[in-house]
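Numbering (this note's numbering), first residue to last: 623 to 795.
Where is the CB? At the ideal position from N, CA and C, for every residue including glycine.
One structure is given here, and the rest of the page talks about it.
This is the structure we're talking about:
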């Protein structure tokens, strides 16, 4: 269940909320000598101001490849190449794009809730099987089922809190 929460948090970090963040580039990969590499492994990404990213590659010969990778990405940004670094200015989000991002946030949250519920179902099935096989007493099985349900409720509340925080961040102008 904790891994499911980590996946959700990582997904939310890659959603653009109007501010520049190096996490936005985590899923963008660049062709580096025939190998697909994440940008953060071939360059230093800094945030000089809230709406700009500066990408400084360790090997300047891949500036063109970095630029192509950013143009191919679904971020909707156009980098500026000055021969030394790439500057990426984040455009202002429109109201329609904000609503689309909020829908994506809710969809990801629901997907992770379903994953948590599937884990609960698997745990409950395992407990019932152990009770049926005689490996677990009826009282122990009920106590463990209650613990599984409490864990499930806690993790779903955590998902809801993360979704609300991300929604608030996106809608903030």
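CA-CA distance, residue 788 to residue 720, rounds to 11 angstroms. Shortest Cα-Cα distance from residue 645 to any of 753, 687, 667, 688 involves 667. Its Cα nearest to that of residue 679, the residue 653 stands out among 653, 700, 671, 699.
Annotation for residue 658: 651 place their beta carbon closer than 7 angstroms to its own, counting only its chain and skipping 5 residues before and after. Remark: C-beta atoms of residue 774 and residue 751 do not approach each other more closely than 8 angstroms. For residue 709, the secondary structure class from DSSP, reduced to helix, strand or coil, is strand.
With respect to the 8 angstroms criterion, residue 784 and residue 630 are classified as neighbours on the basis of their beta carbons. In this structure, DSSP gives residue 655 a state outside helix and strand, which the three-state scheme calls coil. In this structure, residue 669 and residue 635 do not form a Cβ contact; the two beta carbons are roughly 13 angstroms apart against a cut-off of 8 angstroms.
Rounded to whole angstroms, the Cβ separation of residue 661 and residue 688 is 7 angstroms, and the two are in contact under 8 angstroms. 683 is the residue among 656, 683, 633 whose C-alpha sits nearest the C-alpha of residue 706. Less than 8 angstroms separates the beta-carbon of residue 760 from that of residue 753. Looking from the CA of residue 769, the closest CA among 756, 746, 755 belongs to 746.
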